[in-house]
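This report concerns only the one structure given below.
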Ligand code: CP3
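Numbering (this note's numbering), first residue to last: 0 to 347.
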């Protein structure tokens, strides 16, 4: 039977179906490693101008789909647009990374709580709308946000050091301040993600890039529980929306994220044991990711063997092929094309 619109392979697997070959998308699949991205970015002026120009942001969201035929597109935006909308000054220092000034302090809490972020972030929702309209029905569109802990690390660090240790120290000295900051970020992130779904996002990912290194009680309090709260509230407003989480660097604690009934998929970083993840995580959640992004810089046999081994580890389970962190600007695009081919080797 022919269906006019086939549900995307990505969404099928995210709902727990097992397919012969895994769907594939990569974190940071849009970015400086692509010459066509560099052209559009130059036209936009700066990275932030690009994020706030719906036509151009939609174009760079679609570029990797056109070039590699990925199963899912990820909205082109950034996790730091929320602190920017809250009133911090966001800049990207060449070679240093993002910077938010001035660092947030307890005196900012009430102002941030009252702040309306919807106007500033409206162009992001417009990007989602345009991208969903331009995407083929069998391709999914992923919306995203940063986890409160990771966004908080940048908000408190001020400078480019983005030092999770600094935030941990403050968490012990003034836990009420961190709790209040996280509560605000939970509220604003729910609003941001719900608006992305309303504009057409098919699934959501929450990135907790700096979750690693937290003792387990703090990890539950500042990472797992706030993300769970976000996912629950988004799903209460937008029933059926799949939510994926990426608690990077948390080691065996990733099992607690997988055991939660609120997440649809858990992304694993490059240091997670594949066999362990298959045995411990796959029975509870869809697993996504795991391939060391540095392999995409090296390419060749080493990359291909690793990719095949990773994919075969998760055979027979609902698994989404992805990296253990984002693609780097040094990745030759042909290595990405090769990985997509490898993921689809069985599908002929
Ligand atoms: O393709 C995609 O993945 C979609 C877009 C996306 C970007 N950032 C675009 C971007 C996504 C999902 C993010 C998430 C993000 N942003 C995270 C979580 C994921 C991760 O990588 O851990 C974090 C920690 C950020 C904060 C941030 N923004 C960093 C660390 C950087 C890199 C700074 C640099 O100079 O490399 C950015 C900027 C950024 N965000 C770029 C892109 C494509 C590079 C911008 C450019 O110079 O063109």
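Backbone N, C-alpha and C define an ideal beta-carbon position, used for all residues, glycine too.
Non-local C-beta neighbours of residue 36 in its own chain, meaning closer than 8 Å and more than five positions away in sequence, comprise 29, 30, 59 and 62, ordered along the chain. Boundaries around residue 9 are those of the alpha helix (DSSP H), 8-13, since no beta strand (DSSP E) includes it. Residue 148 holds the alpha-carbon nearest to the alpha-carbon of residue 182 among 148, 192 and 211.
Counting along the chain, the unbroken beta strand (DSSP E) around residue 202 starts and ends at 202-207. The region 185-201 makes contact with the region 135-149; the number of CB pairs closer than 8 Å reaches 3 or more. Residue 97: member of the beta strand (DSSP E) spanning 96-100, first to last residue.
Taken in chain order, the complete beta strand (DSSP E) segments of 3 residues or longer contained in the region 255-338 are 264-267 and 285-288. Distance between residue 204 and residue 65, taken at the CA atoms: about 22 Å. Per DSSP, the beta bridge partners of residue 243 are 204 and 264.
DSSP links residue 89 through a beta bridge to 99. Taking C-beta separations shorter than 6 Å and ignoring five residues to either side along the sequence, the partners of residue 40 in its chain run 49, following chain order. Rounded to whole angstroms, the Cβ separation of residue 19 and residue 345 is 5 Å, and the two are in contact under 8 Å. At least one heavy atom of the ligand CP3 lies closer than 6 Å to the C-beta of residue 208. The C-alpha of residue 83 lies about 31 Å from the C-alpha of residue 252.
In this structure the region 293-310 does not touch the region 211-220; the number of beta carbon pairs closer than 8 Å is below three. With a cutoff of 7 Å on beta-carbon distance, residue 261 and residue 230 are scored as near each other.
With contacts defined by Cβ atoms closer than 7 Å, residue 150 and residue 163 do not form a contacting pair. The Cβ-Cβ distance between residue 267 and residue 288 falls below 7 Å. Taking the Cα of residue 94 as reference, the smallest distance to any Cα among 226, 328 and 257 is reached at 328. A Cβ-Cβ contact shorter than 7 Å links residue 127 with residue 74.
Cβ-Cβ separation between residue 323 and residue 290: approximately 6 Å, consistent with a contact (criterion under 8 Å). Nearest C-alpha to residue 234 among 219, 263, 256 and 245: 263.
A distance below 6 Å between beta-carbons, with the five flanking residues on each side excluded, links residue 55 to the following residues of its chain, in chain order: 39, 43 and 49. With respect to the 7 Å criterion, residue 309 and residue 273 are classified as neighbours on the basis of their beta carbons. If you look at residue 25, you'll find it isn't in any beta strand (DSSP E); DSSP assigns it neither H nor E. Taking 6 Å as the cut-off, one finds no heavy atom of the ligand CP3 near enough to the beta carbon of residue 101. In its chain, beyond the 5 residues on either side, 7, 64, 70, 71 and 72 have a beta carbon closer than 7 Å to the beta carbon of residue 138.
The closest heavy atom of the ligand CP3 lies 6 Å or more from the beta carbon of residue 229. Not one heavy atom of the ligand CP3 is found less than 6 Å from the C-beta of residue 109.
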